[in-house]
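Enquirer: Read in order, the letters of the sequence shown correspond to residues 1 to 261 in our numbering. We put the beta carbon where it would ideally sit given N, CA and C, even for glycine.
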Amino acid sequence: QAWQTRIMYYHVQRLKRQEGECSDIGGVTRLLTMPAGKEDELTKEMPTYIVRELRPGTEDHGFVVMNRPHSVKAFLEDREAWARFVKEEYVLIAETDHVWLRPIPNLASRTQPLAYHFGYMEAQFRVPLIERFCPGGAKVMDPVGPSPLIIHVDQLRALSQPWLDMSHRLKTDPDADQQLGWVLEMWGYSIAAACAGVRHKVWVEFQFEGGAIGSHLRPLGDFHIFHYTYGIEYSVAGVPMELQVGHWSLDKRHFGGRYPP
């Protein structure tokens, strides 16, 4: 993820310089999980807080994404380090495959985080499961995940343990694990937030899901983040191709061990 991280960091810094002193963009801290908490090559390039990675197959239940709530909670609990790295009252949780297109305004409040609307996170798709883990939660759960997310530090601190706990509960439940798959930890956050009575300001323009079905029909200029989690595929004639590899293809999965050309 080194090349993704460098691209993301570059654009955040670019927009911060562009906006000047009045920008809502504060500092950037890279949250890194590594076996034994070792440094990597990027720690000298950008502020980085390192957390010991959960042991694969045991502590993480064979699901590496469990390290996200684990590392957020560990960082928050290290109050000395947090005070050294984070000076702001609000934080934005983002990912390495987020390219910032436009400055992101802080539209959150102390009691209402700002989050993106994910179509596959609608409670109506998982009502029995949600009710089993959080009675009444299906009626109040927002279709969001923990990234991108702007949230007050106190609220994040209150949610970090429930988010981690719910993710563990879901992963160790065979039915929930089978239903939720690779987005299980996102459901861990959204169900935990619903149980805590947290409602989000849901902002569709927060990010553009590049390569998602129908994404080519939406104007990119309305969005603030370009999220290239899906492959971006085009035919030789320049026509978007969905659910198949195109003649022109950009998929981050093709560059897991090397930089794109």
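What is the C-beta distance between E205 and H227, in whole angstroms, given that I count them as a contact (C-beta under 8 Å)?
Expert: Your numbering for residue 205 matches position 205 in the sequence shown. Your numbering for residue 227 matches position 227 in the sequence shown. E205 to H227, Cβ: 12 Å. No contact.
Enquirer: List the endpoints of the continuous beta strand (DSSP E) containing F226.
Expert: Your numbering for residue 226 matches position 226 in the sequence shown. Residues I225 to H227.
Enquirer: From what residue to what residue does the beta strand (DSSP E) around W262 run?
Expert: The shown model of the chain, from 1 to 261, leaves out residue 262, and the question about it has no answer.
Enquirer: Which residues in the same chain have their Cβ closer than 7 Å to the Cβ of M241, if we skip the five residues on either side of it in sequence?
Expert: Working through the sequence shown from its first residue, we reach residue 241 at position 241. Hits under 7 Å: E233, Y234 and S235.
Enquirer: Quick one: residues in its chain with C-beta nearer than 6 Å to the C-beta of R110, no 5 flanking neighbours on either side, listed in chain order?
Expert: For the purposes of this step, residue 110 is identified with residue 110 of the sequence shown, where counting begins at 1. Excluding sequence neighbours, R110 sits near H152.
Enquirer: What whole-angstrom Cβ distance do M121 and M186 have, given they're in contact under 8 Å?
Expert: Locating residue 121 in the sequence shown gives position 121, counting from the first residue. Locating residue 186 in the sequence shown gives position 186, counting from the first residue. With a Cβ gap of about 6 Å, M121 and M186 count as contacting.
Enquirer: At the level of alpha carbons, what is the spacing between Q18 and H98?
Expert: Residue mapping note: residue 18 aligns to position 18 of the sequence shown, counting from 1. Residue mapping note: residue 98 aligns to position 98 of the sequence shown, counting from 1. When rounded, the distance between both Cα atoms is 18 Å.
Enquirer: Can you tell me where the beta strand (DSSP E) holding W341 begins and where it ends?
Expert: The requested residue 341 does not occur in the structure, where the chain is confined to residues 1 to 261.
Enquirer: Please go through the same chain and pick out, in chain order, the residues whose beta-carbon is closer than 8 Å to the beta-carbon of E39, but skip the five residues on each side of it.
Expert: Reading the sequence shown from its first residue, position 39 is the one you call residue 39. Cβ neighbours of E39 beyond the five flanking positions: T48 and I50.
Enquirer: Is it buried or exposed for F125, if we count other Cβ within 10 angstroms and need 16 for buried?
Expert: As a working note, residue 125 is residue 125 in the sequence shown. Exposed, by the Cβ-count rule.
Enquirer: Please go through the same chain and pick out, in chain order, the residues whose beta-carbon is closer than 7 Å to the beta-carbon of I7, but skip the five residues on each side of it.
Expert: In the sequence shown, residue 7 corresponds to position 7, counting from 1. The answer, listed in chain order, is V99.
Enquirer: Just to check my reading of the structure: A36 and R52 have Cβ atoms closer than 8 Å, yes? What is that Cβ distance to the nearest angstrom?
Expert: Against the sequence shown, residue 36 aligns to sequence position 36. Against the sequence shown, residue 52 aligns to sequence position 52. Yes, A36 and R52 are in contact; Cβ-Cβ is about 6 Å, under 8 Å.
Enquirer: Once DSSP output is grouped into helix, strand and coil, what is the label at M166?
Expert: Working through the sequence shown from its first residue, we reach residue 166 at position 166. Residue state, collapsed to three classes: helix.
Enquirer: Locate the beta strand (DSSP E) running through F149, then write down its first and last residues.
Expert: Here residue 149 is taken as the residue at index 149 of the sequence shown, counted from 1. Reading off the sequence shown, one finds Leu at residue 149, where the question assumed Phe. L149 to H152 is the extent of the beta strand (DSSP E) around L149.
Enquirer: On the three-state DSSP scale, how would you describe Y49?
Expert: The residue labelled residue 49 in the question sits at position 49 within the sequence shown. Strand.
Enquirer: Between which two residues does the alpha helix (DSSP H) carrying R79 extend?
Expert: Position 79 of the sequence shown, counted from the first residue, corresponds to residue 79. Counting along the chain, the alpha helix (DSSP H) containing R79 begins and ends at R79 to F85.
Enquirer: Please state whether DSSP places F208 in a helix, a strand or coil.
Expert: Locating residue 208 in the sequence shown gives position 208, where the first residue counts as 1. Strand.
Enquirer: Pick helix, strand or coil for V91, following the three-state DSSP scheme.
Expert: Residue numbering aside, residue 91 sits at position 91 when the sequence shown is read from its first letter. In this structure, V91 counts as strand in the three-state DSSP scheme.
Enquirer: Check whether the Cβ atoms of F144 and Y116 sit closer than 8 Å, and answer yes or no.
Expert: Residue 144 sits at position 144 when you count from the first residue of the sequence shown. Residue 116 sits at position 116 when you count from the first residue of the sequence shown. According to the sequence as given, residue 144 is Val; it is not Phe. Taking 8 Å as the Cβ cut-off, V144 and Y116 qualify as a contacting pair.
Enquirer: Does DSSP put V141 in a helix, a strand or coil?
Expert: Here residue 141 refers to the residue found at position 141 when the sequence shown is read from its first residue. With the sequence shown as reference, residue 141 is identified as Met, and Val is not the correct amino acid for it. Three-state result, M141: coil.
Enquirer: Based on Cα-Cα distance, which residue from P105, W163 and P219 lies nearest to I25?
Expert: Along the sequence shown, one-based indexing puts residue 25 at 25. When each option's Cα is compared against that of I25, the closest is P105.
Enquirer: Quick one, are the C-beta atoms of A194 and G137 less than 8 Å apart?
Expert: Within the sequence shown, numbered from 1, the residue matching residue 194 stands at position 194. Within the sequence shown, numbered from 1, the residue matching residue 137 stands at position 137. Yes; because the gap between Cβ atoms is below 8 Å, this pair is in contact.
Enquirer: Quick test of the definition: if touching needs 3 or more C-beta pairs under 8 Å, does the stretch 168-175 touch the stretch 75-84?
Expert: Short answer: they don't touch.
Enquirer: Could you tell me the distance, in whole angstroms, from the CA atom of G62 to the CA atom of D177?
Expert: For the purposes of this step, residue 62 is taken as the residue at position 62 of the sequence shown. For the purposes of this step, residue 177 is taken as the residue at position 177 of the sequence shown. Near 11 Å, if we compare the C-alpha coordinates of D177 and G62.
Enquirer: Closest to R102 by CA distance: which of H11, V198 and A123 is it?
Expert: Here residue 102 corresponds to residue number 102 of the sequence shown, with the count starting at 1. Selection H11, V198 and A123 evaluated against R102 yields H11 as nearest (Cα-Cα).
Enquirer: Would you kindly work out how many angstroms separate the C-alpha atoms of L107 and P146, rounded to a whole number?
Expert: Indexing the sequence shown from 1 puts residue 107 at position 107. Indexing the sequence shown from 1 puts residue 146 at position 146. Whole-angstrom Cα-Cα distance: 16 Å.
Enquirer: Looking at the structure shown, is M241 part of a helix, part of a strand, or coil, going by DSSP?
Expert: Residue 241 sits at position 241 when you count from the first residue of the sequence shown. Correct three-state label for M241: coil.
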